[in-house]
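Protein chains in written order, with this note's numbering: chain A, 1 to 418; chain B, 419 to 836.
All C-beta atoms in this analysis are idealised placements derived from N, C-alpha and C, irrespective of residue type, glycine included.
Reading through the structure tokens given below for one structure.
The structure is reproduced here in structure tokens:
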């Protein structure tokens, strides 16, 4: 693995090439440190667009980018595809499936996994979209159920095959519900003349009294109306308590006959967080100092979805891409300060606003304290996500796909891949 | 499954939505028959470009097209995703994993599978690219080996990780060897500064004394020279007799230390052919009459790679896309003749020529009795394959990808998908 830490320049190991890890690496490029970036995949995933892969709008390859392409022109940054399974804080080593890698400074940016809140029956059966393979699997699932429904004679069974229950009324749940409804009632309806499309249902379930909790209530209500107009059955103040192969069980009322349950109701920190001997906050996140490192191990920084830190108002910093990006870059700058013998600086989260699409032409946004809705919010969402996507080619292909889908009311990516 | 055969218009069942099956369906569209097209996948695969998916040039979705999109505007053609496992010729039924489907006329267009010629150790370990998932798996394999080599300390092991043995000097073997060599020595070389690229090897093995057997010997020799210049180690008159996890065994000489064996040396008819009580020709292909049906069951047509028929000169009709297309359309027309009470007509194969690319800017072609090589043959290949691809969007995206790769010496699709 090259020279050992201690000789020459300090070695920074970054675990995870998501937003936090990648922006830490970018900040350290060209600086007097040796950087080793690790990820279990050889690509960075643009998570905010995963739901579009699941809905057949985009191809998986278009929202992923090979990490080695990103670090190619950064001579002091190296990449290795490796899964980190543990950290030895005393020995200053990360432990991968194959070997141990020593560090002088460590940035843990392992991200989050789906949180089923202990609902075992749901965890076993639910579909989610936290990575590329899950998104592709969900797309194949939806399309395969239409194929199965096309030859199902029993109307009850057909109805449960064609009922899609999405749990979680946050941005991902709303965005996916809208695009799934459009996939079904504007695209698949042309493909399956043998299916009666009033048998299909998209049900969006949220435990709180509004969609997009935390948003301006007027935007939440607007979102509910837009979804309803698209055919989505929105059920607020509804709790899912379990699932069987054929039903989704609710805290109150009749179970829903449905064979697909899509879970977007929460995340928790990556398994690596559990292994760290450090205090944990909500969702298993590792509590960090305002400088983003562990209290007892100041050379170990934790950023993004894995880290727990409150902002000035005592609110936990949200698990969103901009927070991970800001924290990754900040941790990197604090490492450079430590290397230079300068004092650490506390992290200050700059909230950039939130944007959510609700299918074709519609969106809601809260930016700079303003609430925007409708076409303008939709266009803003498209532009922001296109610009943030890594790689010019990906931007070009995503734009081409969006234009194609928009103009022809199509979804190009309708393959069931096994 | 709708009305039973016998009532109203005759029902034609087509098994397989490859070139043969799809062109049969197109020919029957709008005609006085009910057509049911079956395939285990919900998409048509443009097989001639699979090797480019395996080499990271194209995305899987760009060379596949949903069958339901193709049949959408053909009211008498329906599609069902179903795997046909057997045929009951006496009862006039195909048997899928789920049910039995009756037919009046049957077109069997199940295609071919890889033929390992009884080499069990090879069949267990070899990689091939007969469908999308195999092509994506091979791409991931190649890239993963470079990741493994990047952290391998033992030079001998590293060399065997980076040795790729391609067996079969036909068009697929030649095309893949050339593009793999370019992937390694022009693209990956930029990604892996830690690897010494003279340790990588691409070895193309052919049992016959020339590459592209059957081609003009001058073109074969040109192909060999071009491949050599790209760094491919071409070994003619060499027979592979087996494989272990670390070695490829040869009939004569030392085994090759290599952990990846890619087999393009032959195909045989789909398993369905074995189940048919009909005489078989070379490669397990079903012997058909000149009218393309079974001797004893004139309502059962067999076309494409599954069918065995000799041309006027006593040569077997080759297992290539144009032959499948011509046979599919011809079988469909003979079915319409049978429905109309007209006599069947014999199939006459029109050989359109053969084209092979050898990487960037180079190709060989034999068209209208002429031999062409170099840039012109390469351009001709690109145009023909682009035009034949199904779906305007696919053409657009493939063209954009080709242009991108060509201009920037890149391969966009370098993701290891698990």
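Exercise for the section: Below 8 Å between beta carbons is the criterion; list the residues of the stretch 447-476 of chain B that meet it against any residue of chain A, in chain order. Expected result: Flagged, chain order: 459, 460, 461.
Practice task
Would you give the residue range spanned by the beta strand (DSSP E) that residue 366 (chain A) belongs to?
Solution key: Mapped onto the first chain, residue 366 (chain A) falls at position 366. Looking at the DSSP string, the run of the beta strand (DSSP E) that includes residue 366 (chain A) is 363-367.
Exercise for the section: Using a Cβ-Cβ cut-off of 7 Å, state whether residue 609 (chain B) counts as contacting chain A. Expected result: Locating residue 609 (chain B) in the second chain gives position 191, counting from the first residue. True, the Cβ-Cβ gap to chain A drops below 7 Å.
Exercise for the section: Excluding the 5 residues preceding and the 5 following residue 127 (chain A) in the sequence, name in chain order all residues of the same chain whose CB lies nearer than 8 Å to its CB. Expected result: Your numbering for residue 127 (chain A) matches position 127 in the first chain. Excluding the 5 residues flanking it on each side, residue 127 (chain A) has same chain C-beta neighbours closer than 8 Å at 134, 137, 138, 141, 260, 261, 262, 263, in chain order.
Exercise for the section: Please name the residue or residues paired with residue 664 (chain B) in a DSSP beta bridge. Expected result: Here the question's residue 664 (chain B) lines up with position 246 in the second chain. Residue pairing by DSSP places residue 664 (chain B) in no beta bridge whatsoever.
Exercise for the section: Give the straight-line distance between the Cα atoms of residue 321 (chain A) and residue 101 (chain A), rounded to the nearest whole angstrom. Expected result: Within the first chain, the letter at position 321 stands for residue 321 (chain A). Within the first chain, the letter at position 101 stands for residue 101 (chain A). About 27 Å.
Problem - Beta-bridge pairing of residue 112 (chain A) - partner residues as DSSP gives them - result: Here residue 112 (chain A) refers to the residue found at position 112 when the first chain is read from its first residue. Partner(s): A:269.
Practice task
Determine the DSSP secondary structure at residue 614 (chain B), reduced to helix, strand or coil.
Solution key: For the purposes of this step, residue 614 (chain B) is taken as the residue at position 196 of the second chain. Looking at residue 614 (chain B) - three-state DSSP - the assignment turns out to be coil, as it is neither helix nor strand.
Problem - Cβ contact (3+ pairs, closer than 8 Å) linking the stretch 688-705 of chain B and the stretch 407-414 of chain A - result: Output reads no: the stretch 407-414 of chain A does not touch the stretch 688-705 of chain B.
Handout entry: Unbroken alpha helix (DSSP H) run spanning residue 578 (chain B), endpoints
Key = As a working note, residue 578 (chain B) is residue 160 in the second chain. Its alpha helix (DSSP H) spans residues 573-579.
Practice task
Give every residue of the same chain whose Cβ lies closer than 6 Å to the Cβ of residue 186 (chain A), excluding the five residues on either side of it in the sequence, and list them in chain order.
Solution key: Residue 186 (chain A) sits at position 186 when you count from the first residue of the first chain. Closer than 6 Å at the Cβ level, and outside the excluded window around residue 186 (chain A), lie 409.
Handout entry: Given 8 Å, three or more beta-carbon pairs between the stretch 650-665 of chain B and the stretch 685-693 of chain B
Key = Touching, no, given that fewer than three Cβ pairs across the two stretches are closer than 8 Å.
Exercise for the section: Have a look at residue 699 (chain B) and residue 726 (chain B) and give me their C-alpha separation to the nearest angstrom. Expected result: In the second chain, the residue the question calls residue 699 (chain B) occupies position 281. In the second chain, the residue the question calls residue 726 (chain B) occupies position 308. Rounded to whole angstroms, residue 699 (chain B) to residue 726 (chain B) spans 6 Å at the Cα level.
Practice task
Only counting runs of 3 or more residues, tell me where the beta strand (DSSP E) segments fall wholly within the stretch 10-94 of chain A, in order along the chain.
Solution key: Runs found: 11-15, 34-39, 43-45, 64-66, 77-81, 84-88.
Practice task
Just the C-alpha distance for residue 601 (chain B) and residue 819 (chain B), rounded to the nearest angstrom, thanks.
Solution key: Position 183 of the second chain, counting from 1, holds the residue named residue 601 (chain B). Position 401 of the second chain, counting from 1, holds the residue named residue 819 (chain B). If I take the Cα positions, the gap works out to 14 Å.
Problem - Three-way DSSP call (helix, strand, coil) for residue 241 (chain A) in this model - result: Position 241 of the first chain holds residue 241 (chain A). Three-state DSSP puts residue 241 (chain A) in a strand.
Exercise for the section: Can you tell me which of A:202, A:265, A:225, A:85 puts its alpha carbon nearest to the alpha carbon of residue 363 (chain A)? Expected result: In the first chain, residue 363 (chain A) corresponds to position 363, counting from 1. Among A:202, A:265, A:225, A:85, the Cα nearest to that of residue 363 (chain A) belongs to A:225.
Practice task
Flag residue 413 (chain A) as yes if its beta-carbon sits less than 7 Å from any beta-carbon of chain B, otherwise no.
Solution key: If you number the first chain from 1, residue 413 (chain A) lands on position 413. Closer than 7 Å to some Cβ of chain B, the Cβ of residue 413 (chain A) qualifies, so yes.
Handout entry: Closest Cα partner of residue 199 (chain A) within the set A:166, A:215, A:19, A:154
Key = For the purposes of this step, residue 199 (chain A) is identified with residue 199 of the first chain, where counting begins at 1. The closest CA to that of residue 199 (chain A), considering only A:166, A:215, A:19, A:154, is found on A:154.
Problem - Positions along the stretch 78-92 of chain A whose CB lies within less than 9 Å of some CB in chain B - result: Residues of the stretch 78-92 of chain A that bring their beta carbon within less than 9 Å of a beta carbon in chain B comprise 78, 79, 80, 81, 82, in sequence order.
Practice task
Please state if the CB of residue 497 (chain B) and the CB of residue 490 (chain B) are separated by a distance shorter than 7 Å.
Solution key: Position 72 of the second chain, counting from 1, holds the residue named residue 490 (chain B). Position 79 of the second chain, counting from 1, holds the residue named residue 497 (chain B). Judged by beta-carbon spacing, residue 497 (chain B) lies beyond the 7 Å limit of residue 490 (chain B), meaning their Cβ atoms are not closer than that value.
Practice task
Decide if residue 313 (chain A) is buried, meaning its Cβ has at least 16 other Cβ atoms within 10 Å, or exposed.
Solution key: Start at 1 with the first residue of the first chain, and residue 313 (chain A) comes out as number 313. Flag for residue 313 (chain A) reads exposed.
Exercise for the section: Could I get the ranges of all uninterrupted beta strand (DSSP E) runs contained in the stretch 602-647 of chain B, with 3 residues as the minimum, in chain order? Expected result: Restricting attention to beta strand (DSSP E) runs no shorter than 3 residues, the stretch 602-647 of chain B encloses them at 619-623, ordered along the chain.
Practice task
Tell me, please, whether the stretch 582-601 of chain B touches the stretch 464-478 of chain B by the rule of three or more beta-carbon pairs shorter than 8 Å.
Solution key: As far as the Cβ criterion goes, the stretch 582-601 of chain B touches the stretch 464-478 of chain B, which means the pair count is three or higher.
Handout entry: Three or more C-beta pairs below 8 Å linking the stretch 432-445 of chain B and the stretch 738-752 of chain B
Key = Yes, the stretch 432-445 of chain B is in contact with the stretch 738-752 of chain B.
Exercise for the section: Give every residue of the same chain whose Cβ lies closer than 6 Å to the Cβ of residue 539 (chain B), excluding the five residues on either side of it in the sequence, and list them in chain order. Expected result: As a first step, residue 539 (chain B) is located in the second chain; it is residue number 121 there, counting from the start. For residue 539 (chain B), where only same-chain residues beyond five positions count, the Cβ hits under 6 Å are 660, 661.
Practice task
Let me know the secondary structure DSSP gives residue 523 (chain B) once reduced to three states.
Solution key: Looking up residue 523 (chain B) in the second chain gives position 105. Assignment of residue 523 (chain B) by DSSP, reduced to helix, strand and coil, places it in the strand class.
Practice task
Return the residue from the list A:94, A:76, A:63, A:93 that minimises the CA-CA distance to residue 130 (chain A).
Solution key: Along the first chain, one-based indexing puts residue 130 (chain A) at 130. Looking at the Cα atoms, A:63 is the closest of the given residues.
Practice task
For chain A, find out if any of its Cβ atoms is closer than 7 Å to the Cβ of residue 573 (chain B); answer yes or no.
Solution key: By one-based count along the second chain, residue 573 (chain B) stands at place 155. False, the Cβ-Cβ gap to chain A never drops below 7 Å.
Exercise for the section: Compare the C-beta of residue 811 (chain B) against all C-beta atoms of chain A and say whether one is closer than 7 Å. Expected result: Numbered from its first residue, the second chain carries residue 811 (chain B) at position 393. Yes, because at least one Cβ of chain A sits closer than 7 Å to the Cβ of residue 811 (chain B).
Practice task
Please determine if the stretch 198-218 of chain A and the stretch 507-514 of chain B are in contact, where contact requires at least 3 C-beta pairs separated by less than 8 Å.
Solution key: At 8 Å Cβ cutoff, the stretches do not touch.
Practice task
Would you kindly work out how many angstroms separate the C-alpha atoms of residue 108 (chain A) and residue 335 (chain A), rounded to a whole number?
Solution key: The count along the first chain starts at 1 and reaches residue 108 (chain A) at position 108. The count along the first chain starts at 1 and reaches residue 335 (chain A) at position 335. Near 13 Å, if we compare the C-alpha coordinates of residue 335 (chain A) and residue 108 (chain A).
Problem - Completely contained alpha helix (DSSP H) runs for the stretch 705-762 of chain B, where each covers 4 or more residues - result: Those alpha helix (DSSP H) runs which fall completely within the stretch 705-762 of chain B and span 4+ residues are 739-757.
Problem - Cβ pair count under 8 Å reaching 3, the stretch 443-459 of chain B against the stretch 499-507 of chain B - result: Three or more Cβ pairs closer than 8 Å define a contact, and the stretch 443-459 of chain B meets that threshold against the stretch 499-507 of chain B.
Problem - Distance CB(residue 610 (chain B))-CB(residue 568 (chain B)) smaller than 7 Å - result: For the purposes of this step, residue 610 (chain B) is taken as the residue at position 192 of the second chain. For the purposes of this step, residue 568 (chain B) is taken as the residue at position 150 of the second chain. Cβ atoms of residue 610 (chain B) and residue 568 (chain B): closer than 7 Å.
Problem - 6 Å CB neighbourhood of residue 220 (chain A) in its chain, flanking five on each side removed - result: Taking the first residue of the first chain as 1, we reach residue 220 (chain A) at position 220. Cβ within range, chain order: 210, 211, 212.
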